[in-house]
Structures are given as C-alpha cells and as structure tokens.
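In my numbering, the protein residues as written are 50 to 256.
Using N, Cα and C, we set each Cβ at its ideal position, and we do this for glycine too.
Since the structure is predicted, the reported quantities are computational estimates derived from the model, not experimental observations.
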Amino acid sequence: MSRPASSEREPLPPGQVWGKRFVVYAAMGVQHVDPASWRLQVTGLVGRPLSIGYDELARMPMAAHSKSFHCVTSWSIESPLWEGVPIRRLVEAAGPKPEATWVMFHCVDGYTAPVPLQDAMAEDSIIALRLNGRPLSPEQGFPARPFVPRLYAWKSAKWLTKLELIAEYADGYWERAGYHERGDVATEERFKAPGAKAQARRAFGTA
Ligand SMILES: Nc1nc2c(c(=O)[nH]1)N[C@H]1C(S)=C(S)[C@@H](COP(=O)(O)O)O[C@H]1N2
Ligand SMILES: [Mo]
50 MSRPASSERE
60 PLPPGQVWGK
70 RFVVYAAMGV
80 QHVDPASWRL
90 QVTGLVGRPL
100 SIGYDELARM
110 PMAAHSKSFH
120 CVTSWSIESP
130 LWEGVPIRRL
140 VEAAGPKPEA
150 TWVMFHCVDG
160 YTAPVPLQDA
170 MAEDSIIALR
180 LNGRPLSPEQ
190 GFPARPFVPR
200 LYAWKSAKWL
210 TKLELIAEYA
220 DGYWERAGYH
230 ERGDVATEER
240 FKAPGAKAQA
250 RRAFGTA
C-alpha cells in the first residue's frame, strides 16, 4: 500500500542523498499532545475562522500521496505514504481574503514556518495525519503536520495548531537563521540570497 501505483520512482533532487529512515528533529523537544483538547485553527486573513477538533479532522475526506521528504541538510526519504486533508479544502472553507499570499504554520512548541499560499494550495499539499499507514507518532508530529512535497522538510511543521493567512512574508523559526523564504527543493532554495536586502535597497535607491 505504500508504493505508488506506477512503477516510476521519484528522482533524487540535486544535492540530496537517499536515507533509510527519518532523522527525527525537534528543536524545542518532542511534544506530547492530547488529541481530546487539541484543535487546528485557520485564522488571519479569512472571512470565517475555523477551529477543528481531531476527530472532526480525521473524518474529513483524506488524500493519500506517496511523495518523498527532503531535509535541507541533504537526506531524503523515498516515497513514504502520507495521508491527510488537502490544505486547499481547509483554506477554502475559511474563505481566504484576496490579500492573503502566505500561510504561517504555528505549532505547540512555538515552532513556526511560512509557506507561499500558492504552494500550500497545490493539489498534493496536505495536513498530514498519517504516515506509512499509521497515525503520526508523537516524535513525528502527532496529531498533525503540513506536508508540501515540493518544499524542504523544515516547512513540515510538527504538532501543528494553526494556519495563519497573512498578506506579507514573515520569517519563521529557520528562516530567521537564514533559511530560504520558500524552500523549493527542485531549484535548491536552501538559503536566502546573501545580501538580498542590501541589494534590494541599492536597486530601489531607498534609504
Ligand atoms: N515543531 C517542529 N516541527 C519541525 C521541526 C522542529 O524542530 N519542530 N523540524 C523540522 C525539520 S528541520 C525537519 S527536517 C522535519 C523532520 O521531520 P521528522 O522529525 O519527521 O524526520 O521536521 C520539521 N518540522
Ligand atoms: Mo530539516
């Protein structure tokens, strides 16, 4: 059940190596979340803010995708099976305002990660509840984490609590340290352009 129906394998992106198993990262420690009191919110620039409990989320129609996971430190996991609710469904249900262009993911541990709304709304972008046929483990983000296959794994924020729609890019946890705003895997958007701010200032002649 964990392999794509087609025999085509996903290509290894530039600068990556296949690893055998996930390396578990938890910058602020593994979080143990009680699903009975956990809620997922969709807030910010929306007409109808949402707050959804775990059981309700788990009853929504699920999408399943076998898509590889790429950590920016260069390990990749080939085609695990991800199951969850398309982000697009949740955002559309909340009525996004036209000025919303980014979504900030917020987590139980205070971790944050921004993603362009366009990437979050892609057909294969999901709020993952299950990995390889089982609910996420506490180490891997139970109850929920976003998974946007085309972006590096640091955007897959574990122990997710909130999708906040915003009008302008803002740094999250790793972006503050210099990691890229978007983090596209195929084009190796690993780090912000060095001196990008200074360059922009020169180009536009502002103070
Ligand atoms: N809340 C939270 N989410 C997180 C992280 C973290 O430290 N805290 N690390 C990120 C990074 S850098 C990676 S590579 C992946 C690792 O996912 P895994 O622990 O399931 O292998 O989770 C991402 N999501
Ligand atoms: Mo990572």
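CB of residue i within 7 Å of CB of residue j, strictly
| i | j | result |
| --- | --- | --- |
| L185 | G133 | no |
| N181 | L130 | yes |
| L166 | V91 | no |
| H119 | Q65 | yes |
| A112 | I175 | yes |
| E323 | M170 | Outside the shown range of the chain, which is 50 to 256, sits residue 323, and nothing can be said about it. |
| A206 | R194 | yes |
| L89 | A143 | no |
| Y74 | W87 | no |
| W208 | C156 | yes |
| V121 | D168 | no |
| W67 | E141 | no |
Coarse secondary structure for residue i, derived from DSSP in three states
| i | result |
| --- | --- |
| R183 | strand |
| K146 | coil |
| L166 | helix |
| Y228 | strand |
| W203 | helix |
| A256 | Residue placement at A256 is flagged as unreliable, the pLDDT there being 44, under the threshold of 50; the coordinate-derived value follows with that caveat. Reduced to three states, the DSSP call for A256 is coil. |
| E172 | coil |
| Q189 | helix |
| A76 | coil |
| W67 | strand |
| G96 | coil |
| A242 | coil |
| S51 | With a pLDDT of 48 at S51, under the threshold of 50, the predicted position of this residue should be treated as unreliable, though the coordinate-derived value follows. If DSSP states are grouped into helix, strand and coil, S51 belongs with coil. |
| V234 | coil |
| V91 | strand |
Supposed close pair residue i, residue j - CB separation, criterion 8 Å
| i | j | result |
| --- | --- | --- |
| E230 | Y218 | 6 Å |
| Y222 | Y160 | 5 Å |
| P192 | V72 | Not really, about 21 Å apart at Cβ, beyond 8 Å. |
Member of the options whose CA lies at the smallest distance from the CA of residue i
| i | options | result |
| --- | --- | --- |
| D173 | A85, R58 and I136 | I136 |
| E57 | W208, V72, K116 and P63 | K116 |
| T150 | G68, E188 and I215 | I215 |
| V164 | Y228, K69, I101 and E188 | Y228 |
| R97 | P62, P145 and K241 | P145 |
| E59 | E141, V95, A162 and S125 | S125 |
| E148 | G78, A162, V95 and P62 | V95 |
| D76 | A242, E127, I101 and E188 | In the sequence as displayed, the identity of residue 76 is Ala instead of Asp. The shortest C-alpha separation from A76 is found at E188. |
| A85 | V79, P63 and I101 | I101 |
| V79 | G190, P243 and G232 | G190 |
Residue i Cβ short of 6 Å to ligand 3 heavy atom set
| i | result |
| --- | --- |
| A193 | Absent from the structure shown: ligand 3. Ligands present: ligand 1 and ligand 2. |
Self-check item: 4 or more residues per run - each alpha helix (DSSP H) lying fully within the segment 100-162
Solution: The segment 100-162 contains these whole alpha helix (DSSP H) runs: 103-108 and 136-143.
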